[in-house]
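Colleague: Residue numbers (the working numbering): 9 to 132.
Where a beta carbon is used, it is the ideal one built from N, C-alpha and C, also for glycine.
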Amino acid sequence: MAISKGSRGETFLAWVIGGGAAIALLTLTRRSWDACQVDIGKVANGPTLLYVGLPVAVVVNVALFTLVYRLTRGGKGFFSPLLAAAIAITIADLALYSWAGTPASSPGICPGNVPPWWPTWIPT
């Protein structure tokens with residue numbers, strides 16, 4: 009199964025969905041850090057998310073969307089590959105949130121740096 013070059017629509021979807029998911033991930037991380045008063049050191053939390061977190065999240069989300077969308081596209085159909093890519097991005101973003109949003113190395117006031125508003129049925 010060869011992965012071919014995508015169309016303009018696929019590229020647009022990858023950037024819109026991947027970029028939107030990256031911004032949502034950074035918003036969630038920022039809210040979590042604020043709720044638990046997590047301080048990552050001498051660097052302010054906002055610039056760290058903007059200059060480190062945003063590029064990492066965008067690259068991961070866009071690359072993952074493109075890979076999953078192209079692998080699941082069977083020549084016809086639009087919804088199934090889109091759904092598969094959205095599920096893959098959700099899983100990847102939860103893993104990124106678990107790693108960066110609840111850092112074990114930076115103690116906060118919440119147990120495990122998990123904010124009280126986080127649903128208990130979603131693992132971190």
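Look at Glu18 and Tyr77 and say whether their C-beta atoms are less than 8 Å apart.
Modeller: Within the sequence shown, numbered from 1, the residue matching residue 18 stands at position 10. Within the sequence shown, numbered from 1, the residue matching residue 77 stands at position 69. Contact flag set, yes.
Colleague: In the region 11 to 57, which residue ranges form an unbroken beta strand (DSSP E) of at least 3 residues, counting only runs that do not cross its ends?
Modeller: List check, beta strand (DSSP E) in window: nothing returned.
Colleague: Roughly how many whole angstroms lie between the Cα atoms of Pro115 and Thr132?
Modeller: What you label residue 115 is simply residue 107 of the sequence shown in a count that begins at 1. What you label residue 132 is simply residue 124 of the sequence shown in a count that begins at 1. Each residue's Cα considered, the two are about 16 Å apart.
Colleague: From Trp125 to Leu79, what does the alpha carbon distance come to, in whole angstroms?
Modeller: Mapped onto the sequence shown, residue 125 falls at position 117. Mapped onto the sequence shown, residue 79 falls at position 71. Answer to the nearest angstrom: the Cα atoms are 36 Å apart.
Colleague: Residues in the same chain with beta-carbon distance under 7 Å from Thr37, minus the five sequence neighbours each way, listed in chain order, please.
Modeller: In the sequence shown, counting from the first residue as 1, residue 37 sits at position 29. Counting only Cβ-Cβ distances below 7 Å, and skipping sequence neighbours, we find Leu57, Gly61, Tyr105, Ala108 and Gly109.
Colleague: Measuring CA to CA, which of Trp129, Asn53 and Ala92 is closest to Pro111?
Modeller: As a position in the sequence shown, residue 111 is number 103, starting the count at 1. Considering only alpha carbons, the answer is Asn53.
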